[in-house]
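Residue numbers (the working numbering): 466 to 1021. Quick reminder that beta carbons are idealized off the backbone N, C-alpha and C, glycines included. The structure appears right after this line, and notes come after that.
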Amino acid sequence: MTSLDYTKISQGIVYDPANGIDGQVRDIWIADGRIVAAPTDPDIRPSREIDASGLVVMPGGIDMHCHIAGPKVNVARKMRPEEKRKAELIHSTKLTHSGTMGSVPSTFATGYKYAGLGYTTAFDAAIPPLGARHAHEEFDDTPCIDKGFYLLMGNNHYVMQSLQRKEPEKLKAFIGWLLSAAKGYAPKLVNPGGVEVWKSHQAGNVSGLDSLVDHFEVTPRQIIGGVAKAAGELRLPHPVHIHCNNLGMPGNWETTLETMRALEGHKGHITHIQFHSYGGGNGDENTFNSKTVRLAEYVNANKNITVDVGQVLFGETTSMTGDGPLGYFLSNVYGGKWFSSDTEMESGCGITPIKYRNKSLVHALQWAIGLEWYLLVDDPWRVVMSTDHPNGGSFLAYPQIIRLLMDRTYRQDILKTCHPEVVQRSVLADLDREYTLYEIAIITRAGPARILGLTDKGHLGAGADADITIYTPHENKETMFELPRLVIKSGRVIVEHGEIRDPLNGKTLHVQPDYDLEVESDIQTWFEKYYSIRWRNYPVHPSYLHESCVVPLRTG
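Here you go:
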């Protein structure tokens, strides 16, 4: 390799938690899209040197839970024209396409804005396998970031049939086949069993983990435990990703606690945990309160569990969820538009506009509960920053959340603008903890990479993808993180001073697990009997992926 192949980032203040580097001045060398060890030959010179003296250098950000592609995201874009008319318009340039913003940005705008924040990887959290081809088409139009998605399985008929018949090997093979066919990354459970009940009964749902799902006679607890066990045995890089039952309902913290217990020691990730941490009952706002302390104690004591927060931010946004009954509930609360969809044997979804108000007791408590989660989980490696974009708010709010975590005074000032009873119904006012830059680098970069099993991301050691963000230090951390000096993707500068310099299209991250191929004949027989398309047309051809990247399975 010649000196012409190298880029050198010189004398940056490096935060690389995966390698234990906490604000040390270092050089970083890049070659062929990856970080490499510094050359030992003193005659080698880099073809480009970036002076990062006095600047903060971190790995590229990773959003492990967002909604940016696929059928329901596309519907949400269509149902908010009034928002598009008011939102920022991304104008095309010689390098970029035009795009629209709002709570559900267009594909091009999504990629540009993530990169503009210093994020280089994002995972869509809820794709029906039947809609996987659609999601990959949209990924191909989402520049600047690597991306992947989780597949909805918590209400899949074959999954529940395998559990009903006590056929764990068929369940495991089906999950492996489904991930391979759809080019997905991990199994996703959304209101397991509850969406299927909703399809069958007006205003239906399951009441708890031991409710029976009609026809299949299985329970949410069995779905959670069975899929978690199968995911572990398949050695998937990311374990089962769980949206618990009873999201948003007063008193749902008990369901959340039972969901964690239902894992029975298997690894599991509880997503947008803020929406699952509520005390109270009977829909009475006067009883609504935070139960974060109790749940965080359980997470702290059980290392098999990780969480992302789903932070609520005040303002207007769009709720979109694979939880059909929740979508219907929210439409009744907020009125106005509502969309619901049924995806054959697989899943459903609900979409409705919402607005979070700081003077609303419920909304202010949701805001406070999210912050409590960041501050009460002892180990930052097990809690990840998310807004459940766009459900709690836009990913563009990440710099504001960082300021809230790093500046207690600012946090207290915002708390004073909220409904006064929040102080009595949560513990946020009593929490003095302030995050460090090292901890911010964990919850936005190193932590999600580790939870996702992405050994090439989230760190700046030799062999890592050269996804790097360089920030200008600022006393106001929101100012610091909302406009990076430079963003480097795969060794190429893609953003400089807020301007897109190279809108390269990133990789599609997916898995290809080993499974019992003999089970395919049983899956095919079932499939041909019930689906509206032919078996041979279901799998996504590799040509749909701009650049395929098969992530290795876990070795342990």
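### Message
Quick check: what's the CA-CA separation for Thr-1032 versus Tyr-471?
### Response
Nothing about residue 1032 can be reported from this structure: the residues present for the chain run from 466 to 1021 only.
### Message
Taking the beta carbon of Asn-797 as the centre, do at least 16 other beta carbons fall within 10 Å, making it buried, or is it exposed?
### Response
Exposed, by the Cβ-count rule.
### Query
On the premise that Ile-908 lies in contact with Val-522, defined as a C-beta separation below 8 Å, what is that separation, rounded to the nearest angstrom?
The pair is not a contact, with the Cβ atoms about 17 Å apart (cut-off 8 Å).
#### Entry: Val-1005 - DSSP class collapsed to helix/strand/coil
In the structure shown, Val-1005 falls within a coil segment according to DSSP collapsed to helix, strand and coil.
### Message
Suppose the cutoff is 6 Å on Cβ atoms and the five residues either side in sequence are ignored; what does the same chain contact list for Ser-468 look like?
### Response
Low per-residue confidence applies at Ser-468: pLDDT is 48, beneath 50, and the placement is therefore not dependable enough to give any value.
### Task
Would you kindly work out how many angstroms separate the C-alpha atoms of Met-466 and Arg-759, rounded to a whole number?
Residue placement at Met-466 cannot be trusted, given a pLDDT of 41 that sits under 50; what the coordinates show is reported in the next sentence. Using only the alpha carbons, I get a separation of about 56 Å.
### Task
With distances taken Cα to Cα, identify the nearest neighbour of Asn-970 among Ala-911, Glu-548, Ala-580 and Ile-735.
Shortest Cα-Cα distance from Asn-970 to any of Ala-911, Glu-548, Ala-580 and Ile-735 involves Ala-580.
#### Entry: Option nearest His-412 by Cα separation, candidates Ala-911, Ala-727, Ser-851 and Thr-920
Outside the displayed range of the chain (466 to 1021) lies residue 412, so it cannot be described from this structure.
### Query
Out of Asn-767, Lys-612 and Val-624, which has the shortest C-alpha to C-alpha gap to Gly-658?
Nearest to Gly-658 by C-alpha distance, out of Asn-767, Lys-612 and Val-624, is Val-624.
### Query
Between Gly-673, Ala-638, Thr-561 and Ala-911, which lies nearest to Phe-573 when the distance is taken from Cα to Cα?
Closest by alpha carbon: Thr-561.
### Task
For the beta strand (DSSP E) containing Pro-818, list its first residue and its last residue.
Segment 812–821, the beta strand (DSSP E) holding Pro-818.
### Message
Please tell me whether Trp-832 and Val-774 are closer than 9 Å, where the distance is taken between their beta carbons.
### Response
No, these two residues do not count as a Cβ contact at 9 Å.
### Task
Within its chain, find whatever has a CB closer than 7 Å to the CB of Ala-552; leave out the 5 residues flanking it on each side and keep chain order.
Within the same chain, Thr-565, Met-566 and Gly-567 come within 7 Å of Ala-552 by CB-CB distance, once the 5 residues on both sides are set aside.
### Task
Would you mind working out which of Ile-688, Arg-847, Met-871 and Pro-608 sits nearest Gly-912, comparing C-alpha positions?
When only C-alpha atoms are compared, the closest one is Arg-847.
### Query
Helix or strand or just coil, what does DSSP make of Arg-759?
Here Arg-759 sits in helix by DSSP.
### Task
Tell me whether Arg-999 sits in a helix, a strand or coil according to DSSP, three-state version.
The answer is coil: DSSP assigns Arg-999 none of H, G, I, E or B.
#### Entry: Euclidean distance between Cα positions of Gln-1006 and Cys-709
The identity of residue 1006 in the sequence shown is His, whereas the question assumes Gln. If you take the alpha carbons of His-1006 and Cys-709, they lie about 32 Å apart.
### Message
Is the beta carbon of Leu-644 closer than 9 Å to that of Val-976?
### Response
A contact, by the Cβ cut-off of 9 Å.
### Task
Would you mind reading off the limits of the beta strand (DSSP E) that contains Ile-478?
From DSSP, the beta strand (DSSP E) with Ile-478 extends over 471–481.
### Task
Using alpha carbons as the reference points, say which of Asn-823, Arg-868 and Met-714 lies closest to Gly-792.
It is Met-714 whose Cα lies nearest to the Cα of Gly-792.
### Query
At what residue ranges does the region 660–736 contain a whole run of the alpha helix (DSSP H), taking only runs of 4 or more?
Runs found: 685–698 and 718–727.
### Query
Exposed or buried, what is Gln-877 when buried is set at 16 or more other beta-carbons lying within 10 Å of its beta-carbon?
It counts as exposed.
### Query
Any chance the region 926–940 sits against the region 600–608, with 3 or more Cβ pairs inside 8 Å?
The answer is no - the region 600–608 does not touch the region 926–940, with fewer than three Cβ pairs under 8 Å.
### Task
Could you check if Tyr-743 is buried or exposed, using at least 16 other CB atoms within 10 Å of its CB as the buried criterion?
Label assigned to Tyr-743: buried.
### Message
I need the DSSP call for Val-1016, collapsed to helix, strand or coil.
### Response
Judged by DSSP in its simplified three-state form, Val-1016 adopts coil rather than helix or strand.
### Query
Pick from Tyr-875, Tyr-821, Val-892 and Leu-896: whose alpha carbon is nearest that of Ser-859?
Per the Cα distances, Tyr-821.
### Task
Please say whether Val-501 and Val-490 have beta carbons closer to each other than 9 Å?
Not a contact, by the Cβ cut-off of 9 Å.
#### Entry: For Glu-514, the first and last residue of its enclosing beta strand (DSSP E)
Counting along the chain, the unbroken beta strand (DSSP E) around Glu-514 starts and ends at 513–516.
### Closest residue to Met-810 among Glu-634, Asn-767 and Ile-998 (Cα-Cα distance)
Of all alpha-carbon atoms in Glu-634, Asn-767 and Ile-998, the one lying nearest the alpha-carbon of Met-810 is that of Ile-998.
#### Entry: Exposed unless 16 or more other CB atoms sit within 10 angstroms - verdict on Ala-517
With 16 or more Cβ atoms within 10 Å of its Cβ, Ala-517 is classed as buried.
### Task
Kindly indicate which residue of Asn-711, Ile-555 and Pro-482 has the alpha-carbon position closest to the one of Gly-746.
The residue with the shortest Cα to Cα distance from Gly-746 is Asn-711.
### Query
Using DSSP with H/G/I as helix, E/B as strand and the rest coil, what is Met-523?
In the structure shown, Met-523 sits in a strand (DSSP, three-state: E or B).
### Message
So for Lys-612, helix, strand or coil by DSSP?
### Response
Correct three-state label for Lys-612: strand.
### Query
At which residues does the alpha helix (DSSP H) containing His-601 begin and terminate?
Taken as a continuous stretch (DSSP letters only), the alpha helix (DSSP H) holding His-601 covers 597–605.
### Query
Which first and last residues belong to the alpha helix (DSSP H) in which Gly-792 is found?
For Gly-792, the enclosing alpha helix (DSSP H) begins and ends at 789–799.
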